[in-house]
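Student: Structure incoming, see below.
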Amino acid sequence: MCFAADLKAFYTYLQSERRCSPHTLAAYRRDLEAFIDFVRQQGITGWNQVDDLRVRAFVAGRHRKGLSGTSLQRQLSAIRTLFNYLCRHGRADSNPAQGVPAPRAPKRLPETLNVDQLGMLLAFPGDDALACRDRAVMELFYGCGLRLSELTGLDLGDIDWQLRTVSVTGKGRKQRQVPFGAKAEQALKRWLQHRSIQAAHDQKALFVSRGGKRISNSSIQHRLKKRAQQQGVGLSLHPHMLRHSFASHILESSNDLRAVQELLGHANLSTTQIYTHLDFQHLAGVYDKAHPRSRK
């Protein structure tokens, strides 16, 4: 049996029906290519020859090569999703990856900036086009808790100035409305004065490069790291750190986990619950500093 035709149909399904992003689709391809190479080396020629022992052997081999528990969980998820698809379309009789566990990944809390660090970061001087764009980008990241691809995908028409909200297209092309504050509004309006000079009349992108094209993800990442170094923040800043800071600070002030879930665009509340651990760390720190019985 040739696996290629079924895999091609599966990737089309991911793109058209599940509306996976190009980044997610590329991750599926990488993970499944590694798995298909493995089963071919085992002499397997059909989907029904793949059993749970083969899947376990694949996971064990990848683990020995140093893959983390998180990476193995992602690869197992890709295999499960593929076989669920194959079973629904009569190409396989069962899902051999269904009961196969991945090695546990250590829980790592997301790194965040505190309020003082954020104030230092956003206090950089300059009113030129680059400075105004950088400031608007960071104000939106921190003010709305956006993902990198969500920010670079924003168009001019996504901003509602009257309601002071931004329409965000998240994972699975799901739309959500996120409010932004006065600081972000001010920064955006200053950037738009420069943007009107840089961008062509028919350019829809909110953030553009010097050449007037939609700004790339890598360009944003580079600019954030550079600004953090210039401001002496002391961290290697990346876009998700501002998103984590947004979520942590909102939860710390409101204790409303559901609201944070909606603002972040998380499909499951369990994804948002990691920020409760950050909030607890903050409370534990306050206790250690303040309670008489916690001091030596």
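Under our numbering, the residue at position 168 of the sequence shown is numbered 657, and the numbers go up by one with no gaps.
Idealized CB from N, CA, C, for every residue including glycine.
Quick caveat: nothing in here was measured; it's all calculated off a predicted structure.
1) By how many angstroms is the C-alpha of Ala523 removed from the C-alpha of Arg703?
2) Using DSSP bridges, identify the partner residues of Val657.
3) If you count every other CB in all the chains shown that lies within 10 Å of the CB of Asn744, and 16 or more means buried, which is it?
4) If you draw a straight line from the alpha carbon of Arg593 to that of Arg622, how long is it in whole angstroms?
5) Taking its Cβ as the centre, do 16 or more other Cβ atoms sit within 10 Å of Asn584, making it buried, or is it exposed?
6) Since His711 is in the alpha helix (DSSP H), which residue starts that stretch and which ends it?
7) With C-beta atoms as the reference, is Val589 less than 8 angstroms away from Leu565?
8) What is the residue span of the alpha helix (DSSP H) that Ile525 lies within?
9) What does a CB cutoff of less than 7 angstroms around Asp495 pick up in its chain, not counting 5 residues either side in sequence?
10) What's the gap between the Cα of Pro511 and the Cα of Gly646?
11) At what residues does the alpha helix (DSSP H) containing Val604 begin and finish?
12) Just verifying my parser: in three-state terms, what is the DSSP assignment at Ala694?
13) Take Asp616 as the anchor and find which of Gly555, Gln682, Arg551 and Arg662 has the nearest alpha-carbon.
14) Excluding five sequence neighbours on each side, which residues of the same chain lie with their C-beta closer than 7 angstroms to the C-beta of Ala736?
15) Where does Glu639 land, buried or exposed, given buried means 16+ other C-beta within 10 angstroms?
16) Can you tell which of Gln664, Trp650 and Ala676 has the C-alpha that lies nearest to the C-alpha of Phe613?
17) Buried or exposed for Ile686, going by 16 or more other Cβ atoms inside 10 Å?
18) According to DSSP, simplified to helix, strand and coil, what is Arg684?
19) Enumerate in chain order the residues of its own chain whose CB-to-CB distance from Asp582 is below 6 angstroms, with the five nearest sequence positions on each side excluded.
20) Please confirm if the stretch 602-610 is in contact with the stretch 653-669, defined as three or more CB-CB distances below 8 angstroms between the two stretches.
21) Note down the Cα distance separating Arg624 from Val528, rounded to an integer number of angstroms.
22) Counting along the chain, where does the alpha helix (DSSP H) carrying Gln564 start and finish?
23) Note the first and the last residue of the continuous alpha helix (DSSP H) segment covering Gly632.
24) For a test of the three-state rule: what should DSSP assign to Asp649, helix, strand or coil?
25) For Asp644, name the three-state secondary structure that DSSP assigns.
26) Return the Cβ separation of Leu521 and Ala567 in integer angstroms, given the expectation that the two are a contact with Cβ distance under 8 angstroms.
Tutor: In this structure, then:
1) Distance from the CA atom of Arg703 to the CA atom of Ala523, rounded to whole angstroms, is 34 angstroms.
2) According to the DSSP secondary-structure assignment, Val657 is paired through a beta bridge with Arg665.
3) Exposed.
4) Put simply, the backbone Cα of Arg593 is about 41 angstroms away from that of Arg622.
5) Taking all protein chains in view, the Cβ of Asn584 is crowded by 16 or more other Cβ atoms within 10 Å, so the residue is classified as buried.
6) First-last of the alpha helix (DSSP H) with His711: Asn706 to Gln719.
7) Yes, the Cβ-Cβ distance between Val589 and Leu565 is below 8 angstroms.
8) Membership of Ile525 in the alpha helix (DSSP H) is indicated by the continuous run Pro511 to Gln530.
9) For Asp495, same chain residues with a beta-carbon under 7 angstroms away, outside a window of 5 residues either side, are Leu575 and Arg580 in chain order.
10) If you take the alpha carbons of Pro511 and Gly646, they lie about 23 angstroms apart.
11) According to the DSSP assignment, Val604 belongs to the alpha helix (DSSP H) that extends over Val604 to Leu610.
12) Here Ala694 sits in strand by DSSP.
13) For the set Gly555, Gln682, Arg551 and Arg662, the Cα lying nearest the Cα of Asp616 is the one of Gln682.
14) If you ignore the 5 residues before and after Ala736, its C-beta comes within less than 7 angstroms of the C-beta of Gly634, Val749, Leu753 and Tyr764, all in its own chain and listed in chain order.
15) With a threshold of 16 other beta carbon atoms within 10 Å, Glu639 meets it and is buried.
16) Per the Cα distances, Ala676.
17) Around the CB of Ile686, fewer than 16 other CB atoms lie within 10 Å, so the residue is classed as exposed.
18) DSSP places Arg684 within a helical segment (H, G or I) once states are collapsed to three.
19) Cβ neighbours of Asp582 beyond the five flanking positions: Asn537.
20) The stretch 602-610 vs the stretch 653-669: no contact.
21) Pairing Arg624 with Val528, the inter-Cα distance amounts to about 50 angstroms.
22) First-last of the alpha helix (DSSP H) with Gln564: Gly558 to Arg577.
23) For Gly632, the enclosing alpha helix (DSSP H) has its first and last residue at Ala618 to Cys633.
24) In this structure, Asp649 counts as strand in the three-state DSSP scheme.
25) Shown here, Asp644 sits in a strand according to DSSP, grouped into three states.
26) Correct: roughly 6 angstroms between the Cβ atoms.
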